[in-house]
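Q:
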Amino acid sequence: MQKHSLRKTLFANRFFACGLLSAAFLCLFLSGCSKQREWGVLSVVPDSVSTKNAKQTAVYYVLIQTHEPIFRQSDGQNYTSQILKQWHRSVDYTEYSFCPDTTLKFNNKARLTLRSFYEHVVSITRKYTPEVLIGENGSCVVVKFKSSRKGYLGYLTSYSNAPTIDTGGGIEDGLGQFSVKSLTADKLVLERKTPISNGYNKVVIYEYKGKTDPRLQSRDIADFNMVNSGDIPEWVKKEYVPFVNVELTVGSLVLNIPDRELRLRVYNCLNVAELRKAFFPGPTEFGDIGNVLPLGVPGARAGKPRQVCDGKRMRRSETGEILFANWRRDNYAEMAEFAKKIRKETGIPLTVVNWEPAKLVARLHKPNRPYSLVPIIMNTMRPELSDFLFYTIKDIGYLDFEPREIAANYKRLLLEDNPEKKEALAKEIIKEFEEEGLVLPLYQNKKVLWYPREIINLNVGKGFLEFPVVSELRC
Amino acid sequence: MLKLFGRILIYNWRHYALAVLVFIAFWQAFSAFSAIRVADDKLLTAMRQNAAYFEKAFLEGDVFETQRIMWRIKNENIKRITFHPVQFEGSRWIFKEAIVGNLYDRPRAQLNKSVPFISNGAELGRLEYVIDLVDVNAAVFMQNYVLFVTVVFFFLGLLILSNMGAIQTLLAIERSVNEINSITDSGQGDIIRDSIKKNIASLPAGIIGTPFAQMTARMSDALGQAARLESELAVSKAVSDMAAQVAHDIRSPLAALGAAAKGLALPEEKRTLVDGSIARMQGIADDLLQRYRAPGAAAARPETCALAGLIEQVLAEKRIQHKDRAGVKIEFYSDADGVKAAVDPKELQRIISNLVNNSVEAFAGPGTVAVRLAATDGKVLIEVKDDGKGIPAEILGRLGAKGETHGKAGGTGLGLYHARTSAESWGGSLRIESAPGKGTSVIMELPAAAKPAAGLRAVLLDDDLLVHMNWRMAARAAGADLKAFKTAEEFSAAAETLPRDIPVYIDSELGDGVKGEDIAKDLHGRGFTDLTMATGHGAEKFADLPWLKVNGKEPPWQ
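Chains as they are written, first to last, in the working numbering: chain A, 14 to 488; chain B, -6 to 551.
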């Protein structure tokens, strides 16, 4: 009797059971994003959205959503394109052929055409080098260089070289998934051109107003990674998924000391760890670097800088004051203590001078700089060698003197297209930095990034996860 | 064809669905398991192939190169790899761990595994990797869905092909049944057999000769025979009805003739002849009624009769019938002239007649048949004894059973059988005593009837004036008071003045479509307690009126 009843019950409820199983099966695959499907960001709202300002962090964040570069190198090795139907190059890197996907749109009014793509390629390639022939061949654009241009594809990965059109009001539209809907002083809104069901259809960047910003407690904010690490609220650390990311941010100490011997003495005898601790008080994780290049940039070296301190104390009369330009406001006591210690241990007559950041910035590139030592934090979006090696270059550097050899190498570096040769030149420059004691590498920044748990395709480890491409996120 | 496919699906969809689901589930599980195994193997192989490069990057502290190598090691079914480096003096590694892959976790649906990363004998650290079972299943499903779709159609084809024969047979059977039903409904039962034979021939070849087909053939024979029997039954019923009607109609004139003959001055022998002839004709009519009575119908209700008179009557006829048999004597001895028993008088006379005939026909030469009537202890004994050759013991035991006969050419064995059954139906019994060379004695024992109440008053309702005349004569002879009515109206007018216990005799067919049984019902409802149908119809016709007695046309005082 009981077996019969069970069988009868199961049979009678077979459709109900099947429905439940199907729903459960689908639930494994289906889930939902946050209700509004809005990617909220606390950051700096840029004044404009233009590829010309791609080096600005806030603009860069927006360009990643609205524009699509001609090439991407997501894994750091292979080039892929989302806007070319096909492309090829000659083995010797002299000739390139790009066939654009003309179904792509900038907006409802403008689409990518062969002609517009051709004009864009001409515009950006002539900046790269004037010695080039560019033409159309069928549905493709052909670029011919006189000599091998190995770095051309890398050049095309830059968002500053992404196809774009000016829609007026400082807004440019690109071939990315989002377009600018509105821009105000407090808020920038991006909307997805074609909404999807399992992703974010809107990006809203709110102006971050500091520690007291009430949006720090808002669940509408998905990206808190643009605010200071110390300001990130505790609830984010509990509810979001953490990921330790290596940033292209290095801190280096520039030694504006014309006396080589003194400079070398200071270079070799300053304790990097203690200096870091004094200059950046509070709990901070520092990554040691062996030279001024951050890990991830060709030529970088992990570890600590080579310092050889002979231990001899300097006599005061041998030198004047070594002025340390302190542009932070939260470390006066620590820096004073550090200076005292250095004096005591090495005899280096270190004097800390506290500066208003704006005032110091105004003096950084002008002759007769009022400092001997100044910490420079270099942050870039892309691993460009030249961005980390210009400390000693006249007019753009931070020294009152210019080592000629470094200047020459830097100039060659800027003109060099071959990545291997660039790296070799970079290493020469770095060697000069070390041998001359010009720039002391202090640290490379490691930052914990926090992302919402609902994202099911948050892939890390492919190059730099500086900022997420929101259009690719799924939840 | 669509009907065929539809029928196949209707009967088998559950099994089909189950088979498909089981296959898909099994294949999916197997594929997922294989994918996981392959993912493991690919990972380990890639680790071995890239170990040297990984070590170089690791020792240089090159995080990004390390991550690039980890991406190469990772394959599509590995969701995430985490490298936990060993700690050693002089390490340049700036991270506690390096992660590549998807950070999204499904804790209940993922496998976490850990392997050491070894390069040329040195353990660089541990590689933890995560396989997401949902992702693997989804990927495997996307690889297999074409196969699954193919399987769905393949199983469907298999289902159809394997069941086509059976369903075709089923449809053929249904067609046969439908045809038989329509033939039966249309009354053409005689062609059912041909129809079935035709349908059998149209069944698939594999079915012919099987027990099913044999059963169907036997069924068609049975149906044919049933149709024939039904036809014969219809004929028999028609004959039966006609015979009954003839018997009914002839009994009244015979009763009148019998009554009239009694008043004639005839020589003894001629009187006997006339009486015997009339009796014979009455017997023939009775026989017709008896033989063509519907099978299973209730036998005629027994009535209390004076047995001596009945026996004498039939013996007189027998004597005349067998007067040409030299030396054959038929004698009657009665120790209880007035004894009565509840019997069917005609049936009793028939039994006596048959028994006497049996005895006489068994004589090789002269012989004596002695019929004795006796009463003792509330029982009545009717014995028919002869001094013939007797019956062997081995046959004696079987006599009385239906079909058993002895010594009588052309005997059907039914006479003794009917005698036994009739005796038993009257509450009595019949036994046969015989020995070879010593004659045979058939003894019927019946319960004696209680003395009947005085029945010297009676009412008759019959539209036949001959019957009226016969009954008046009998009533005068018996000294009874008879009120006779011809029509229902006359009777109804007088009924109110009649005592409710007076015996009322009603003819069944009173003319102008009036039915005597309807009058009887009316009288019964008005309180008359002694109602009898005086009719030639059998008692079975009035079986639904249990309070109604049935008698023949003869007056009750004979």
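Idealized CB from N, CA, C, for every residue including glycine.
Please decide whether I270(A) counts as near chain B, where near means a Cβ-Cβ distance under 8 Å.
A: Taking Cβ atoms only, chain B never reaches closer than 8 Å to I270(A), which makes this a no.
Q: Flag this pair as touching only if the region 104 to 122 of chain B and the region 7 to 24 of chain B have three or more C-beta atom pairs under 8 Å; answer yes or no.
A: no
Q: Can you tell me the Cα-Cα spacing of V254(A) and Q99(A), whole angstroms?
A: 37 Å
Q: Which full runs of the beta strand (DSSP E) of 3+ residues lie inside the region 437 to 483 of chain B, going along the chain?
A: Taking only runs of at least 3 residues, the beta strand (DSSP E) segments lying wholly in the region 437 to 483 of chain B are 450 to 454 and 474 to 478.
Q: Should E172(B) be flagged as near chain A, meaning a C-beta pair shorter than 8 Å?
A: no
Q: What span of residues does the beta strand (DSSP E) with I1(B) cover, start to end?
A: No beta strand (DSSP E) holds I1(B); the alpha helix (DSSP H) holding it covers L(-5) to E53.
Q: Looking at the C-beta of R119(B), does it have a partner C-beta in chain A at a distance below 8 Å?
A: no
Q: Mind checking the region 244 to 268 of chain A against chain B and listing, in chain order, the residues whose C-beta falls within less than 7 Å of any C-beta there?
A: V254, F256, V257 and V259
Q: Can a CB atom of chain A be found closer than 8 Å to the CB of N95(B)?
A: yes
Q: Name the DSSP beta bridge partners of N339(A), please?
A: The partner list for N339(A) (beta bridge, DSSP) reads N367(A).
Q: Count the CB pairs spanning the region 433 to 444 of chain B and the region 461 to 479 of chain B that are closer than 8 Å, and state whether there are at least three.
A: no
Q: Nearest-angstrom Cα distance between T142(A) and S161(A)?
A: If I take the Cα positions, the gap works out to 12 Å.
Q: Using the C-alpha atoms, what's the distance from M63(B) back to K559(B)?
A: Given a span of -6 to 551 for chain B in the structure shown, any question on residue 559(B) remains unanswerable.
Q: Is V387(A) closer than 8 Å to A346(A) when the C-beta atoms are compared?
A: No, the Cβ-Cβ distance between A346(A) and V387(A) is not below 8 Å.
Q: Taking Cβ to Cβ, would you say P307(A) is nearer than 8 Å to V263(A)?
A: yes
Q: Looking at C-alpha atoms only, which residue of V123(B), D456(B), K382(B) and V145(B) is the closest neighbour of K479(B)?
A: D456(B)
Q: Measuring straight from C-alpha to C-alpha, what distance separates P59(A) and A71(A)?
A: 6 Å
Q: By Cβ distance below 7 Å, which residues in the same chain neighbour L247(B) in space, the five residues on each side in sequence not counted?
A: So the list reads I271, M274, Q275 and A278, once near-sequence residues are dropped.
Q: Could you list which residues in chain A have their beta carbon closer than 7 Å to that of M63(B), in chain order?
A: G474
Q: Specify, as a first and last residue, the run of the beta strand (DSSP E) that I234(A) falls within.
A: I234 to D236
Q: Quick one: is I468(A) near chain B, going by C-beta distance under 8 Å?
A: yes
Q: Hey, I618(B) and V364(B): beta-carbon distance below 8 Å or not?
A: The structure shown has nothing for residue 618(B), since chain B only spans -6 to 551.
Q: The alpha helix (DSSP H) spanning R128(A) covers which residue range?
A: Start and end: L127 to Y141.
Q: Between I184(A) and L196(A), which are expected to be in contact by the criterion C-beta below 8 Å, what is the C-beta distance as a whole number of angstroms?
A: 6 Å
Q: Identify whether T297(B) lies in helix, strand or coil by the three-state DSSP scheme.
A: Looking at T297(B) - three-state DSSP - the assignment turns out to be strand.
Q: When you compare only the Cα positions, how much space is there between L36(B) and A45(B)?
A: The alpha-carbon separation between L36(B) and A45(B) amounts to approximately 15 Å.
Q: What are the residues that DSSP puts in a beta bridge with S10(A)?
A: Given a span of 14 to 488 for chain A in the structure shown, any question on residue 10(A) remains unanswerable.
Q: Around the Cβ of K263(B), are there at least 16 other Cβ atoms within 10 angstroms (buried) or fewer (exposed)?
A: exposed
Q: Answer yes or no: do L277(A) and G450(A) have a C-beta to C-beta separation smaller than 8 Å?
A: yes
Q: Could you pull out every residue in the same chain whose Cβ sits closer than 8 Å to the Cβ of A468(B), ignoring the five residues on either side in sequence?
A: Excluding residues within five positions, the ones whose Cβ falls inside 8 Å are A451, D474, L475, P548 and W550.
Q: Assign W550(B) to one of three DSSP states: helix, strand, or coil.
A: coil
Q: Closer than 7 Å, Cβ to any Cβ of chain B: which residues of the region 295 to 321 of chain A, in chain order?
A: G300, D301, L308, G309, A315 and G316
Q: With burial defined as no fewer than 16 other Cβ atoms inside 10 Å of the residue's Cβ, what is the status of P227(A): buried or exposed?
A: P227(A) is exposed by the Cβ-count criterion.
Q: What does the Cβ neighbour count give for R413(B), buried or exposed, with the cut at 16 atoms within 10 Å?
A: buried
Q: Note down the Cα distance separating I160(B) from R0(B), rounded to an integer number of angstroms.
A: 7 Å
Q: Do K269(A) and D413(A) have their CB atoms nearer than 8 Å?
A: Just to set this straight, residue 269(A) is Asn in the shown sequence, not Lys. For N269(A) and D413(A), yes; Cβs fall inside 8 Å.
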